[in-house]
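Q: Chains as they are written, first to last, in the UniProt record's numbering: chain A, 1 to 185; chain B, 1 to 185; chain C, 1 to 185; chain D, 1 to 185.
Number of protein chains: 4
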Amino acid sequence: MSKRDDIMNTTLDLIDEEGLQSVTFAKIMKRANVGSGTIFNYFGGKEELVNEVYRKARIHMGACMLEGYDPETELYERFKGIQLNRLRFAIDFPKEYRFIDSYSYSPYISPDIRNMEDDSREAMESIITDGQKQGIIREMNVMLCHQIIHGIITAVVRGYQINKYPLNELQVHQSLEACWKAIKV
Amino acid sequence: MSKRDDIMNTTLDLIDEEGLQSVTFAKIMKRANVGSGTIFNYFGGKEELVNEVYRKARIHMGACMLEGYDPETELYERFKGIQLNRLRFAIDFPKEYRFIDSYSYSPYISPDIRNMEDDSREAMESIITDGQKQGIIREMNVMLCHQIIHGIITAVVRGYQINKYPLNELQVHQSLEACWKAIKV
Amino acid sequence: MSKRDDIMNTTLDLIDEEGLQSVTFAKIMKRANVGSGTIFNYFGGKEELVNEVYRKARIHMGACMLEGYDPETELYERFKGIQLNRLRFAIDFPKEYRFIDSYSYSPYISPDIRNMEDDSREAMESIITDGQKQGIIREMNVMLCHQIIHGIITAVVRGYQINKYPLNELQVHQSLEACWKAIKV
Amino acid sequence: MSKRDDIMNTTLDLIDEEGLQSVTFAKIMKRANVGSGTIFNYFGGKEELVNEVYRKARIHMGACMLEGYDPETELYERFKGIQLNRLRFAIDFPKEYRFIDSYSYSPYISPDIRNMEDDSREAMESIITDGQKQGIIREMNVMLCHQIIHGIITAVVRGYQINKYPLNELQVHQSLEACWKAIKV
DNA sequence: GATGAATGAGAGTTCATTCAT
DNA sequence: GATGAATGAACTCTCATTCAT
């Protein structure tokens, strides 16, 4: 693995363990077995490094969420598939997920990168639009609708990650159902 | 207004404007017209100051959320009242709300204070339990259920606060309805 | 007891407990039950306060050392009397003694006060001069001679105060004898 | 010379000139031509720096005191050799000597380092024990005896360093003789 | 005389960043 | 490309001192 990857992986680990604000270059260097100057050969500075880690995580999550996505299948299938993928990503890649969840609106992450193209979001929005055209999903601002679904999944994961409850098939099922009922007519 | 209040208000303002991590004592002092030592006459240090501001905001929000709450009224009334109060608080006191929303799980906020007694949460949980007994609300883990509602309101407010949509009577109504439908049988 | 005395006594206590450098006005005020401004009604500042405490201790020690001193008695009696008084003072007033011993040459104590008139020193020096005239005490610089005696007593007390050995009649006797033999012909 | 040595030497100079308590990092940096951060690359903080300087001085003094020491020679030779070495060290390295003399019992110096292994002290104590066995040195607590000798030398040096008298061959001879007579039978 | 809220110069310390090797 | 010694601006925090009451 390249030094560049060592640095990025170590950075993510440290952010997850200690929080972004207490991650210092000294800690990264030490853990990644890298000289202090080396970081600057790959990244312009701390902000750039963090944003790169964030971008990578977002791309990873975006790809995972569209796994198995087929625009041809029935609307509810597509809806459920994407939300399930999000839950799975949160469970399988907790560090990436938590980083995105916690710091998307931190001033460290530049708006440009936070608002990067996001195919999964576009897919969700087209699902909502379609559903509204078909009369399955209630009429409301598409973004509001998206936010409602997103809010449920995010909150459910958070409760799970701080051990408020397990996240087995049952809870996953109940959560997805809650999403759907929240927005259908 | 006392120096103590000047300091706390200024701190909240700065946190909202620049984020917790970039708020320095120098900025607080200057904006609050206070000598650097004065802060330490009232607060043991930065952490104590920030936690005091947090606690005050939490107490304020807790009081607002239970405004007009009457345990005797019908269950849906109580449910709707509390959620509406939360939305109103978010709209009327955006700085307090955003601070609580953004930093509750930051390492700056001590767990003791984060987990302070919260009457509104208790009220919500008893509403859920009652609703489940009455067969109105679906059977599921109470915390999961609470998290779902909380997640919707939180996400809706966030979308509003970053100007994705307005939050007028219509959107408020739709959001509350989404909450209710998400959890009722 | 007056506020002034409260302040001075508390200061001495704190110096003995924590060392001069870590004694702050805040600690003195709190322990002496005195407002922070009050100190400045009695003392011009920290240096003046400390020097006053020092001067008082020196005067006290000076008086103790000459207790029972009779210029008419035999030379060795006078010699022994003064040194015994010094040992007794160290044992009876350890805080005063340690303060003088530890800080006489600290930059905090002004040279003027450190070199204040000292009747006991003058008495010792006249004893030495007399002894040399009588051919009992060896010829050497009077100050060197005084320093030798002083050094022994001081070091003996220090060893006692850090619990290297007890300081009973036996050790006192041996120490005084050492002093005498060190300088006699 | 390395930056590390620059810092340590400057620190010793400043301590000797102004006293430990008034030595600040700003002064060290400026005088040693070193950036403020550099100190922390070599020393964990002020306490560590000061203790390192102290340790170095103690090691230096310890080595000097045992110079020419030969356990085979006659007892008085050994005794005289060590005390002479101490006087010489005080004369040749006044800054090191004064630092050790003044601050060994300051709260800045950690007990661990103050009580570091000290070959010269051990040598002295074995000289005393031997002397007592041979009936040359009076019977008394070894530490008390050591303290008496130590006290004389220390006090003699102090008087010299504050210009009370010169410290030529004559005074040195008289002081050593005083030491010996103070403890011999 | 007594008070204590307010002060601010200056302390030790952190840490991203530079640059000669 | 990789290094790490050196840097210094910026931070939190301490504490003797002032002054209106």
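Idealized CB from N, CA, C, for every residue including glycine.
(1) Would you please state the rounded distance, in angstroms, between the beta carbons of residue 51 of chain C and residue 2 of chain C? I believe it to be under 8 angstroms.
(2) Could you list which residues in chain D have their beta carbon closer than 9 angstroms to that of residue 137 of chain C, in chain order?
(3) Please confirm if residue 18 of chain D has its CB atom under 8 angstroms from at least one CB of chain C.
(4) Compare the beta carbon distance of residue 134 of chain C and residue 75 of chain C with 8 angstroms and say whether it is the shorter of the two.
(5) Is DSSP giving residue 183 of chain A helix, strand or coil here?
(6) Please say whether residue 136 of chain D and residue 181 of chain D have beta carbons closer to each other than 8 angstroms?
(7) Can you grab the Cα-Cα spacing for the pair residue 57 of chain B / residue 125 of chain B, in whole Å?
(8) In terms of residues, what are the limits of the alpha helix (DSSP H) holding residue 51 of chain C?
(9) Where does residue 137 of chain C sit, in a helix, a strand or coil, going by DSSP?
(10) Per DSSP, what kind of secondary structure is residue 36 of chain C in: helix, strand or coil?
(11) Would you call residue 63 of chain C buried or exposed, if buried means 16 or more other Cβ atoms sit within 10 Å of its Cβ?
(12) Check whether the Cβ atoms of residue 156 of chain D and residue 68 of chain C lie closer than 8 angstroms to each other.
(13) Taking the alpha-carbon of residue 174 of chain A as reference, which of B:168, B:104, B:141 and B:176 has the nearest alpha-carbon?
(14) Counting only runs that start and end within the stretch 108-163 of chain D, where is the alpha helix (DSSP H) found for 4 or more residues in a row?
(15) Looking at residue 161 of chain D and residue 94 of chain D, is the spacing between their C-beta atoms short of 8 angstroms?
(16) Among the residues of its own chain, which have a CB less than 8 angstroms from the CB of residue 12 of chain C, if the five just before and after it don't count?
(17) Are there 16 or more other CB atoms within 10 angstroms of the CB of residue 116 of chain B, so buried, or fewer, so exposed?
(18) Residue 171 of chain D touches chain C at which residues, Cβ-Cβ below 9 angstroms?
(19) Do residue 66 of chain A and residue 120 of chain A come within 8 angstroms of each other at the CB atom, strictly closer than that value?
(20) Check whether the Cβ of residue 110 of chain B lies closer than 8 angstroms to any Cβ atom in chain A.
(21) Which value, in whole angstroms, describes the spacing of the CA atoms of residue 71 of chain D and residue 34 of chain A?
(22) Under 8 angstroms between the Cβ atoms of residue 139 of chain D and residue 147 of chain D?
(23) Checking 8 angstroms against the spacing of the C-beta atoms, do residue 153 of chain B and residue 78 of chain B come in under that value?
(24) Is there at least one Cβ from chain B nearer than 8 angstroms to residue 165 of chain A's Cβ?
(25) Alpha carbon to alpha carbon, how far is residue 45 of chain B from residue 26 of chain B?
(26) Distance cutoff 8 angstroms, beta carbons only. Does residue 83 of chain D sit that close to anything in chain C?
(27) Relative to the C-alpha of residue 169 of chain A, which residue among A:49, A:55, A:84 and A:47 is closest?
(28) CA-CA distance, residue 159 of chain A and residue 102 of chain A?
(29) Kindly list the residues whose CB is nearer than 8 angstroms to the CB of residue 82 of chain B, restricted to its own chain and excluding five residues on each side of it in sequence; keep chain order.
(30) When the Cα atoms are used, what is the spatial distance from residue 41 of chain C to residue 47 of chain C?
(31) Ordered along the chain, which non-local residues of its own chain (more than five positions away) have a Cβ less than 7 angstroms from that of residue 165 of chain C?
(32) Relative to the C-alpha of residue 130 of chain C, which residue among C:14, C:59 and C:73 is closest?
(33) At the level of alpha carbons, what is the spacing between residue 6 of chain A and residue 106 of chain D?
(34) Below 7 angstroms CB to CB, which residues in the same chain sit around residue 18 of chain C once its five sequence neighbours on both sides are set aside?
(35) Quick check on residue 79 of chain A: does DSSP put it in helix, strand or coil?
(36) If you reduce the DSSP assignment to three classes, tell me which class residue 167 of chain B lands in.
A: Answer, in terms of the structure:
(1) For this step, residue 51 of chain C is matched to residue 51 along the third sequence. For this step, residue 2 of chain C is matched to residue 2 along the third sequence. That belief does not hold up - the Cβ atoms of residue 51 of chain C and residue 2 of chain C are roughly 19 angstroms apart, past 8 angstroms.
(2) Stepping through the third sequence from its first residue, residue 137 of chain C is reached at position 137. Chain D residues near residue 137 of chain C: none, gap ~11 angstroms exceeds 9 angstroms.
(3) Translated into the one-based positions of the fourth sequence, residue 18 of chain D becomes position 18. It does; some Cβ of chain C falls within 8 angstroms.
(4) In the third sequence, the residue the question calls residue 134 of chain C occupies position 134. In the third sequence, the residue the question calls residue 75 of chain C occupies position 75. Yes, these two residues count as a Cβ contact at 8 angstroms.
(5) Translated into positions along the first sequence, residue 183 of chain A becomes position 183. Judged by DSSP in its simplified three-state form, residue 183 of chain A adopts helix.
(6) Indexing the fourth sequence from 1 puts residue 181 of chain D at position 181. Indexing the fourth sequence from 1 puts residue 136 of chain D at position 136. No, the pair does not count as a contact, with Cβ atoms beyond the cut-off.
(7) Walking along the second sequence from the start, residue 57 of chain B turns up at place 57. Walking along the second sequence from the start, residue 125 of chain B turns up at place 125. Residue 57 of chain B and residue 125 of chain B have their alpha carbons spaced roughly 21 angstroms apart.
(8) Residue numbering aside, residue 51 of chain C sits at position 51 when the third sequence is read from its first letter. Its alpha helix (DSSP H) spans residues 46-65.
(9) Sequence index remark: in the third sequence, residue 137 of chain C carries index 137 (1-based). Note: residue 137 of chain C maps to strand in three-state DSSP.
(10) In the third sequence, counting from the first residue as 1, residue 36 of chain C sits at position 36. Here residue 36 of chain C sits in coil by DSSP.
(11) In the third sequence, counting from the first residue as 1, residue 63 of chain C sits at position 63. Per the 10 Å Cβ criterion, exposed.
(12) Within the fourth sequence, residue 156 of chain D is the residue found at index 156, counting from 1. Within the third sequence, residue 68 of chain C is the residue found at index 68, counting from 1. No.
(13) Looking up residue 174 of chain A in the first sequence gives position 174. Comparing Cα positions, the closest option is B:141.
(14) 111-114, 119-133 and 142-161
(15) Within the fourth sequence, residue 94 of chain D is the residue found at index 94, counting from 1. Within the fourth sequence, residue 161 of chain D is the residue found at index 161, counting from 1. Yes, they are a contact pair.
(16) For this step, residue 12 of chain C is matched to residue 12 along the third sequence. Only 53, 57, 95, 96 and 99 meet the Cβ criterion.
(17) Position 116 of the second sequence, counted from the start, is the residue given in the question as residue 116 of chain B. Exposed, by the Cβ-count rule.
(18) Position 171 of the fourth sequence, counted from the start, is the residue given in the question as residue 171 of chain D. By Cβ distance, chain C contributes 140, 141 and 144.
(19) By 1-based counting over the first sequence, the position of residue 120 of chain A is 120. By 1-based counting over the first sequence, the position of residue 66 of chain A is 66. Note that the C-beta distance between residue 120 of chain A and residue 66 of chain A is below 8 angstroms.
(20) As a working note, residue 110 of chain B is residue 110 in the second sequence. No, its Cβ sits nowhere closer than 8 angstroms to a Cβ of chain A.
(21) Indexing the fourth sequence from 1 puts residue 71 of chain D at position 71. Indexing the first sequence from 1 puts residue 34 of chain A at position 34. In a straight line, the C-alpha of residue 71 of chain D is about 53 angstroms away from that of residue 34 of chain A.
(22) The residue you call residue 139 of chain D lines up with position 139 of the fourth sequence. The residue you call residue 147 of chain D lines up with position 147 of the fourth sequence. No, these two residues do not count as a Cβ contact at 8 angstroms.
(23) For the purposes of this step, residue 153 of chain B is taken as the residue at position 153 of the second sequence. For the purposes of this step, residue 78 of chain B is taken as the residue at position 78 of the second sequence. No.
(24) For this step, residue 165 of chain A is matched to residue 165 along the first sequence. Yes - at least one Cβ of chain B is within 8 angstroms of the one on residue 165 of chain A.
(25) In the second sequence, residue 45 of chain B corresponds to position 45, counting from 1. In the second sequence, residue 26 of chain B corresponds to position 26, counting from 1. Between residue 45 of chain B and residue 26 of chain B, the C-alpha separation is close to 13 angstroms.
(26) Translated into positions along the fourth sequence, residue 83 of chain D becomes position 83. Chain C contact via Cβ: absent.
(27) Taking the first residue of the first sequence as position 1, residue 169 of chain A is located at position 169. Nearest option by C-alpha distance: A:84.
(28) Mapped onto the first sequence, residue 159 of chain A falls at position 159. Mapped onto the first sequence, residue 102 of chain A falls at position 102. Each residue's Cα considered, the two are about 14 angstroms apart.
(29) Along the second sequence, one-based indexing puts residue 82 of chain B at 82. Here the set comprises 65, 66, 69, 120, 123, 124 and 127.
(30) Start at 1 with the first residue of the third sequence, and residue 41 of chain C comes out as number 41. Start at 1 with the first residue of the third sequence, and residue 47 of chain C comes out as number 47. Looking at the two C-alpha atoms, the distance is approximately 14 angstroms.
(31) Locating residue 165 of chain C in the third sequence gives position 165, counting from the first residue. Closer than 7 angstroms at Cβ, skipping near neighbours: 159 and 171.
(32) Along the third sequence, read from residue 1 onward, the residue named residue 130 of chain C stands at position 130. It is C:73 whose Cα lies nearest to the Cα of residue 130 of chain C.
(33) In the first sequence, counting from the first residue as 1, residue 6 of chain A sits at position 6. In the fourth sequence, counting from the first residue as 1, residue 106 of chain D sits at position 106. Residue 6 of chain A and residue 106 of chain D: Cα-Cα distance of roughly 47 angstroms.
(34) For the purposes of this step, residue 18 of chain C is taken as the residue at position 18 of the third sequence. No residues qualify anywhere along the chain.
(35) Here residue 79 of chain A refers to the residue found at position 79 when the first sequence is read from its first residue. The answer is helix: DSSP assigns residue 79 of chain A an H, G or I state.
(36) For the purposes of this step, residue 167 of chain B is identified with residue 167 of the second sequence, where counting begins at 1. Coil.
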